[in-house]
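Below is one structure, written out as structure tokens; comments come after it.
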Amino acid sequence: MLYVVACGSPLARHVGRLVGAAQRDGWDVCVVTTPDGAKFLDHEALARQTGHPVRSRYKQPGDPDLLPPADAMIVCPATVNTVNKWAAGITDTLALGLLVEAQGRGVPIVAVPFTNSAMAAHPAFLDGLTRLRGWGVRVLFGEHVVPLHPPGTGEAHLHAFPWQAPLAALR
């Protein structure tokens, strides 16, 4: 079971491409979003594509778990906000709670940040990436993955995103 965690970025609109590629690789896929990531997705289409509900909130006490446990996770797109909170151990969203718990359980995790050059230059973000790498998270970030772009131009760079890269990092 592969969890694809989508954060609040225009790239999240295309996460179905990652889901499809993962399915072709033999993965059963569940999609989990951050609250802002949920704004970009077509939940019904992804639920049809995966056969699982798209989750973005913690369940109510006493409600059954709707998703099977993850064998691996890909955080794509990972935002500066999610990277910073995750590196600090904050679990105020379902996505972050699942990531922190999975990391503690030794589940393989790949994170693929998609952000602009100004956001990427913030010291907390760079420190967060270093911390996540130090904890065993496979972070795919830099000019060799997706070149950084100036603020306000992210939409023009969506076409170049390497959807196979996070899957290759799990192999």
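Residue numbering for the sequence shown follows the working numbering, beginning at 14 and increasing consecutively.
Where a beta carbon is used, it is the ideal one built from N, C-alpha and C, also for glycine.
Beta-carbon proximity list for residue i, same chain, < 7 Å, skipping 5 on both sides
{"i": "V42", "result": "L15, V17, V32, A35, Q36 and T63"}
Close Cβ partners of residue i (< 8 Å) along its chain, the five nearest in sequence each way excluded
{"i": "V96", "result": "A124, P126, F138, G141, L142 and L145"}
{"i": "G48", "result": "The residue you asked about is not Gly; residue 48 is Pro in the sequence shown. Here the set comprises G21, S69, R70 and T106."}
{"i": "Q73", "result": "none"}
{"i": "L109", "result": "T47, T95, K98, W99 and I103"}
Expected contact under 8 Å - CB spacing of residue i and residue j to nearest Å
{"i": "L183", "j": "A85", "result": "5 Å"}
{"i": "C89", "j": "A19", "result": "7 Å"}
{"i": "A178", "j": "V158", "result": "6 Å"}
Proximity of residue i and residue j at Cβ, strictly below 8 Å
{"i": "V67", "j": "L54", "result": "yes"}
{"i": "H162", "j": "H172", "result": "no"}
{"i": "P175", "j": "N129", "result": "no"}
Beta-carbon proximity list for residue i, same chain, < 6 Å, skipping 5 on both sides
{"i": "R26", "result": "F53"}
N-terminal and C-terminal residue of the alpha helix (DSSP H) that residue i is part of
{"i": "L59", "result": "H56 to T63"}
{"i": "A192", "result": "It is not possible to answer for residue 192, since the shown part of the chain is limited to 14 through 184."}
Residue i - containing beta strand (DSSP E), residue span
{"i": "T46", "result": "V42 to T46"}
{"i": "V32", "result": "Taken as a continuous stretch (DSSP letters only), V32 belongs to no beta strand (DSSP E), being part of the alpha helix (DSSP H) at V28 to R37."}
Closer than 7 Å: residue i CB and nearest the ligand NAP heavy atom
{"i": "H27", "result": "The ligand NAP is absent from the structure shown, which contains no ligands of any kind."}
Pick from the options that is closest to residue i, judged by C-alpha positions
{"i": "G149", "options": "G119, E57 and A181", "result": "G119"}
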